[in-house]
């Protein structure tokens, strides 16, 4: 028995020792692929490309972003979960990773255990937007406006079962706001519905509608974040407007397949720290409405788990089922 134990320990030591040189040299002989489960031009895509540029410069090896959209981001997730555990295939995810775990049937991976978290690298803000001529000036007046016409007003959202839809449903449930969800395929269509007056409000990422806000076509009456957002400090939180319990902080992060050597995970985390400390990178991220903010791998796991729990409760109360 003792000999067997020693043999196992010896073998494990050989494997660990072999991993160390590989980690020290990583990324050495080929580009690192970062897969994204959504199309080009979205928030995850833009923020990840900014980060990839910085990592390429910092680590002396090209980081290549590849878009693999479909099935709520789970196609890309499935590819990375099954990829070689050598540090050359990563996945950029957002809060939608947690939403897909709740709203997509037969997700081809465990959203936590099949990945090695590197860190959240930016945060972003969800906002409550209304048309410029809306009578609503804050969240209280929006609730009053909607409930004066029970069941007659809509809110627009990107896809039923999306992050925006679930946050809007959480708001609706907490305020007993009598509005119906109307789903659109793109953020552009959501905005068009607001501009036409077909929707009373929408919850969207700030950077996705910033152009219409800056032009005055849309107004922001609240942020759904726990605290006021630095880029729009005059917009109050939902909690300040009397809606307790809502505090969604959008995020983008990087993960590897589970089993990727820890030294490689640690090396990429350190590189993220160095890249995000650069003023030029911070400014580029701020330009798309994101704030550089690096979490630890352990904190990242807790965020994913917390989001899944929260969205499960929202979906259950709203009667939404995975599709």
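In the numbering used here, the protein residues as written are 1 to 323.
Heads up, the beta-carbon is just placed ideally off N, CA and C, and yes, glycines get one too.
Values in this document were obtained by computation on a predicted structure and should not be read as measured data.
Considering only residues of the same chain and omitting the five flanking positions on each side of residue i, which have a CB-CB separation below 7 Å?
i, result
"residue 241", "138, 139, 140, 222"
"residue 78", "108, 109"
"residue 1", "Caution applies to residue 1, whose pLDDT of 45 falls short of 50 and renders its modelled position unreliable; the model cannot decide the point."
Tell me which same chain residues have a C-beta within less than 8 Å of the C-beta of residue i, skipping the five on either side of it?
i, result
"residue 271", "55, 58, 59"
"residue 90", "32, 33, 34, 35, 80, 118, 254, 255, 256, 268"
"residue 39", "45, 67, 69"
Using a threshold of 9 Å, state whether the C-beta atoms of residue i and residue j are closer than that.
i, j, result
"residue 109", "residue 163", "no"
"residue 244", "residue 226", "no"
"residue 178", "residue 197", "no"
"residue 124", "residue 251", "yes"
"residue 325", "residue 190", "Residue 325 falls outside the range modelled here, since the chain spans only 1 to 323, and no answer is possible."
"residue 314", "residue 203", "no"
"residue 64", "residue 52", "yes"
Alpha carbons only, please: which of the options is nearest the one belonging to residue i?
i, options, result
"residue 166", "100, 82, 211", "100"
"residue 71", "235, 224, 173, 102", "102"
"residue 155", "296, 115, 199", "199"
"residue 292", "231, 98, 62, 121", "121"
"residue 126", "194, 30, 235, 111", "235"
"residue 98", "302, 317, 319, 318", "302"
"residue 185", "135, 24, 42, 28", "42"
"residue 24", "86, 45, 69", "86"
"residue 143", "279, 46, 105, 175", "175"
Considering residue i, what are the terminal residues of the alpha helix (DSSP H) in which it resides?
i, result
"residue 58", "43-59"
"residue 262", "262-276"
"residue 297", "297-318"
"residue 212", "206-215"
"residue 219", "Here residue 219 belongs to no alpha helix (DSSP H); instead the beta strand (DSSP E) covers 218-223."
Residue i lies in the beta strand (DSSP E); which residues open and close that run?
i, result
"residue 112", "Unbroken run through residue 112: none, as it is neither H nor E."
"residue 89", "89-94"
"residue 155", "153-158"
"residue 35", "32-36"
"residue 180", "179-184"
"residue 325", "The requested residue 325 is not part of the displayed model; the chain covers only 1 to 323."
"residue 197", "No beta strand (DSSP E) contains residue 197, which DSSP labels as neither H nor E."
Please return the same chain residues whose Cβ sits closer than 6 Å to the Cβ of residue i, not counting the five positions on each side in sequence.
i, result
"residue 66", "33, 35"
"residue 115", "255, 258"
"residue 180", "154"
"residue 173", "317"
"residue 16", "Because the pLDDT at residue 16 is just 48, under 50, the model does not fix this residue reliably, and the value given afterwards should be weighed accordingly. Nothing meets the Cβ criterion."
Tell me, please, whether the region 191-209 touches the region 281-300 by the rule of three or more beta-carbon pairs shorter than 8 Å.
yes
Does the pairing of the region 216-234 with the region 260-267 give three or more beta-carbon distances under 8 Å?
no
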